[in-house]
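Undergrad: Can you keep this structure in mind? I'll have questions shortly.
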DNA sequence: ACCTTGTTAGTTAATGCTCACTAACTATAT
DNA sequence: ATATAGTTAGTGAGCATTAACTAACAAGGT
């Protein structure tokens, strides 16, 4: 995962091409044109198109595990951990709106078996990490335990995904972070 | 929207082709092969590929408006209306799993401007319909009003979308309707 | 009863475009 | 001298779509 400057440029361009007009818009020609080099030059940096897509997914995988295993989150309460994770997601999306359009667009990779397996793995590992936090919070009495942790997981992350999708479809025309904070305030009322 | 038997067959096959391997899998050749006729024969029934996609979206548009304007839902309480809508969605997905993979996969249509506009319209009209129900319920005291209706909308429908997506990605390996009912029971606790 | 005409739903063959990818070559910087 | 990062030109495959033709059937006039 040590990408050269050119490789990183190709990945960035690829993400924005997909975000803009879907996976069909990701062609070697479009990548090359956007960067301003010829098509074969792309193959100096990636073996083939598949490797480009795989590298995009690799970068997604990093995001969540990074946050949940960071030092600064260690001593927080369960609710604060969830808040940290949610707001971190919103901030990342605002920083890179293209990412937001891809992050929850699992369909984009379902064309290829290897890629869709990877997508599924990423989803599962994120889910497992959050489950731990939720059930720990329930045991400590910080989170209500009259609703099972699986349902709570869906109730916390479903709305986040929907909000980010609405933001993407709206062309980023509202303040995602502010709306995200409002949503979290509402969710907090519900969790206690 | 009066489709001949052959047109309906093409639509059904198209939906399952997309659901199976993404929009890239929807080619005239694949449609023709699945049905067992030649490629040009498809053009006897649809002007072009765009019209096929448009017809698929048309059928999606019908689904939600149908439910929300049906007679049987008229005299129900707000909560029961929402329950009816949610469970109806789950049942439709179980009946036609291919539909579920497409229903919330807006990315599939973002390649084309006209199609993505249509997708956005469908989303908005569904959201507007549900907003009415939620704020009516708040005014009647059936739904808590310490959380604004926009956040409540996201808290109700975000989890449903996530659940259906998980079901699709899992290869329909759990009982969607049962899980959906459980989720709704949890959501009901939250809404009151 | 039987030709004429038109429609419907299919066929084979072909067109022009775009795709991912490769071969062969070249400039440049170390 | 050699590795790096680019170029032009081309290949073969797959794509949506069209042209031209045909078999099956139905209605109307004689």
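Residue numbers (my numbering), protein chains in the order written: chain A, 5 to 196; chain V, 5 to 196. Positions of the beta carbon are idealized from the N, C-alpha and C atoms, including for glycine.
#1: Cutting at 7 angstroms between CB atoms, please list the residues of its own chain near residue 13 of chain V, excluding the five before and the five after it.
#2: Less than 7 angstroms separating the beta-carbons of residue 102 of chain V and residue 23 of chain V?
#3: Judging by CA-CA distance, which residue of V/158, V/178, V/61 is the nearest neighbour of residue 190 of chain A?
#4: If we define contact as Cβ-Cβ less than 7 angstroms, is residue 26 of chain V a contact residue for chain A?
#5: Give a yes or no on whether the C-beta atoms belonging to residue 167 of chain V and residue 144 of chain V are separated by under 7 angstroms.
#6: Within the continuous alpha helix (DSSP H) that includes residue 49 of chain V, where are the two ends?
#7: Find the residues of chain V that neighbour residue 186 of chain A, judging by a C-beta separation of less than 9 angstroms, and give them in chain order.
#8: What three-state label does DSSP hand residue 18 of chain V in the structure shown?
#9: Would you check if the segment 68-79 of chain A and the segment 58-76 of chain V touch, i.e. whether three or more CB-CB distances between them fall below 8 angstroms?
#10: I'd like to know whether the C-beta of residue 68 of chain A is nearer than 7 angstroms to at least one C-beta of chain V.
#11: Rounded to whole angstroms, what's the CA-CA distance from residue 131 of chain V to residue 44 of chain A? Just pull it up for me.
#12: What are the uninterrupted segments assigned as alpha helix (DSSP H) that are 4 or more residues long and contained completely in the segment 126-187 of chain A, given in chain order?
#13: Do residue 18 of chain A and residue 56 of chain A come within 7 angstroms of each other at the CB atom, strictly closer than that value?
#14: Evaluate contact between the segment 109-128 of chain A and the segment 50-64 of chain A, counting only Cβ atoms and requiring at least three cross-stretch pairs below 8 angstroms.
#15: Hey, would you say residue 173 of chain A sits closer than 7 angstroms to residue 98 of chain A, going by beta carbons?
#16: Between residue 146 of chain A and the rest of its own chain, which residues show a CB-CB distance below 7 angstroms, the 5 nearest in sequence each way excluded?
#17: Can you give the beta carbon distance from residue 150 of chain V to residue 193 of chain A, rounded, assuming they're within the 8 angstroms contact cut?
#18: Taking 6 angstroms as the limit between beta carbons, can you name the residues of its chain near residue 104 of chain A, skipping five residues before and five after?
#19: Can you pull the chain A residues whose beta carbon is under 9 angstroms from the beta carbon of residue 115 of chain V, in chain order?
#20: Alpha carbon to alpha carbon, what distance is there between residue 127 of chain V and residue 54 of chain A?
#21: Does the beta-carbon distance from residue 109 of chain V to residue 111 of chain A come in below 7 angstroms?
#22: Given this structure, state the Cα-to-Cα distance separating residue 183 of chain A from residue 155 of chain A, to the nearest angstrom.
#23: Within a Cβ cutoff of 7 angstroms, which residues of the same chain sit near residue 33 of chain A, ignoring the five residues on either side of it in sequence?
#24: Cα separation between residue 163 of chain V and residue 85 of chain A?
#25: Mapping DSSP to helix, strand and coil, what is residue 193 of chain A?
#26: Is residue 124 of chain V close to chain A, meaning its C-beta is less than 7 angstroms from at least one C-beta of that chain?
#27: On a Cα-Cα basis, can you pick out the residue from A/137, A/25, A/49 that is closest to residue 90 of chain A?
#28: For a contact meaning CB atoms closer than 8 angstroms, what does residue 165 of chain A contact in chain V?
#29: How about residue 175 of chain A and residue 115 of chain V: are their beta carbons less than 7 angstroms apart?
#30: Which of the three DSSP states is assigned to residue 24 of chain A in this structure?
#31: Starting from residue 112 of chain V, find everything on chain A with Cβ-Cβ shorter than 8 angstroms and list it in chain order.
#32: Spell out whether any CB of chain A is found under 7 angstroms from the CB atom of residue 32 of chain V.
#33: Exposed or buried, what is residue 113 of chain V when buried is set at 16 or more other beta-carbons lying within 10 Å of its beta-carbon?
#34: Whole angstroms is fine: what's the gap from residue 140 of chain A's alpha carbon to residue 177 of chain V's?
TA: On the basis of the supplied data:
#1: The sequence position of residue 13 of chain V within the second chain is 9, counting from 1. Excluding sequence neighbours, residue 13 of chain V sits near 39.
#2: In the second chain, counting from the first residue as 1, residue 102 of chain V sits at position 98. In the second chain, counting from the first residue as 1, residue 23 of chain V sits at position 19. In contact: residue 102 of chain V and residue 23 of chain V (Cβ atoms closer than 7 angstroms).
#3: For the purposes of this step, residue 190 of chain A is taken as residue 186 along the first chain, with counting starting at 1. Considering only alpha carbons, the answer is V/158.
#4: The residue given as residue 26 of chain V occupies position 22 in the second chain. It does: the Cβ of residue 26 of chain V has a partner Cβ on chain A nearer than 7 angstroms.
#5: Residue mapping note: residue 167 of chain V aligns to position 163 of the second chain, counting from 1. Residue mapping note: residue 144 of chain V aligns to position 140 of the second chain, counting from 1. Their beta carbons are not under 7 angstroms apart, which means residue 167 of chain V does not touch residue 144 of chain V by this criterion.
#6: Your numbering for residue 49 of chain V matches position 45 in the second chain. Note, residue 49 of chain V: premise wrong, no alpha helix (DSSP H); not H, not E.
#7: Indexing the first chain from 1 puts residue 186 of chain A at position 182. In chain order: 152, 154, 155.
#8: Here residue 18 of chain V is taken as the residue at index 14 of the second chain, counted from 1. The answer is helix: DSSP assigns residue 18 of chain V an H, G or I state.
#9: no
#10: Your numbering for residue 68 of chain A matches position 64 in the first chain. Cβ-Cβ to chain V under 7 angstroms: no for residue 68 of chain A.
#11: Here residue 131 of chain V refers to the residue found at position 127 of the second chain. Here residue 44 of chain A refers to the residue found at position 40 of the first chain. Rounded to whole angstroms, residue 131 of chain V to residue 44 of chain A spans 46 angstroms at the Cα level.
#12: 153-173
#13: Looking up residue 56 of chain A in the first chain gives position 52. Looking up residue 18 of chain A in the first chain gives position 14. Yes, they are a contact pair.
#14: yes
#15: For the purposes of this step, residue 173 of chain A is taken as residue 169 along the first chain, with counting starting at 1. For the purposes of this step, residue 98 of chain A is taken as residue 94 along the first chain, with counting starting at 1. No, the Cβ-Cβ distance between residue 173 of chain A and residue 98 of chain A is not below 7 angstroms.
#16: By one-based count along the first chain, residue 146 of chain A stands at place 142. For residue 146 of chain A, where only same-chain residues beyond five positions count, the Cβ hits under 7 angstroms are 81, 82, 83.
#17: Position 146 of the second chain, counted from the start, is the residue given in the question as residue 150 of chain V. Position 189 of the first chain, counted from the start, is the residue given in the question as residue 193 of chain A. About 7 angstroms separates the two Cβ atoms, so the contact holds.
#18: Position 100 of the first chain, counting from 1, holds the residue named residue 104 of chain A. Counting only Cβ-Cβ distances below 6 angstroms, and skipping sequence neighbours, we find 97, 168, 172.
#19: For the purposes of this step, residue 115 of chain V is taken as the residue at position 111 of the second chain. Per Cβ cutoff of 9 angstroms: 25, 26, 27, 28, 29.
#20: Residue 54 of chain A sits at position 50 when you count from the first residue of the first chain. Residue 127 of chain V sits at position 123 when you count from the first residue of the second chain. Those two C-alpha atoms are separated by around 32 angstroms.
#21: Stepping through the second chain from its first residue, residue 109 of chain V is reached at position 105. Stepping through the first chain from its first residue, residue 111 of chain A is reached at position 107. Yes, these two residues count as a Cβ contact at 7 angstroms.
#22: Here residue 183 of chain A is taken as the residue at index 179 of the first chain, counted from 1. Here residue 155 of chain A is taken as the residue at index 151 of the first chain, counted from 1. Between residue 183 of chain A and residue 155 of chain A, the C-alpha separation is close to 23 angstroms.
#23: For the purposes of this step, residue 33 of chain A is taken as the residue at position 29 of the first chain. Here the set comprises 43.
#24: Residue numbering aside, residue 163 of chain V sits at position 159 when the second chain is read from its first letter. Residue numbering aside, residue 85 of chain A sits at position 81 when the first chain is read from its first letter. If I take the Cα positions, the gap works out to 20 angstroms.
#25: Locating residue 193 of chain A in the first chain gives position 189, where the first residue counts as 1. DSSP places residue 193 of chain A in helix when its eight states are reduced to three.
#26: Translated into positions along the second chain, residue 124 of chain V becomes position 120. Cβ-Cβ to chain A under 7 angstroms: yes for residue 124 of chain V.
#27: Along the first chain, read from residue 1 onward, the residue named residue 90 of chain A stands at position 86. That would be A/137, whose Cα lies nearest to the Cα of residue 90 of chain A.
#28: In the first chain, the residue the question calls residue 165 of chain A occupies position 161. Within chain V, the residues near residue 165 of chain A are 162, 165, 166.
#29: Taking the first chain and counting its residues from 1, one reaches residue 175 of chain A at position 171. Taking the second chain and counting its residues from 1, one reaches residue 115 of chain V at position 111. Not a contact, by the Cβ cut-off of 7 angstroms.
#30: Against the first chain, residue 24 of chain A aligns to sequence position 20. Looking at residue 24 of chain A - three-state DSSP - the assignment turns out to be helix.
#31: For this step, residue 112 of chain V is matched to residue 108 along the second chain. Those within 8 angstroms of residue 112 of chain V in chain A are 26, 111.
#32: The count along the second chain starts at 1 and reaches residue 32 of chain V at position 28. With 7 angstroms as the cut-off, residue 32 of chain V does not count as an interface residue toward chain A.
#33: Here residue 113 of chain V refers to the residue found at position 109 of the second chain. Residue 113 of chain V should be labelled buried.
#34: Here residue 140 of chain A is taken as the residue at index 136 of the first chain, counted from 1. Here residue 177 of chain V is taken as the residue at index 173 of the second chain, counted from 1. Taking the straight line from one Cα to the other gives about 27 angstroms.
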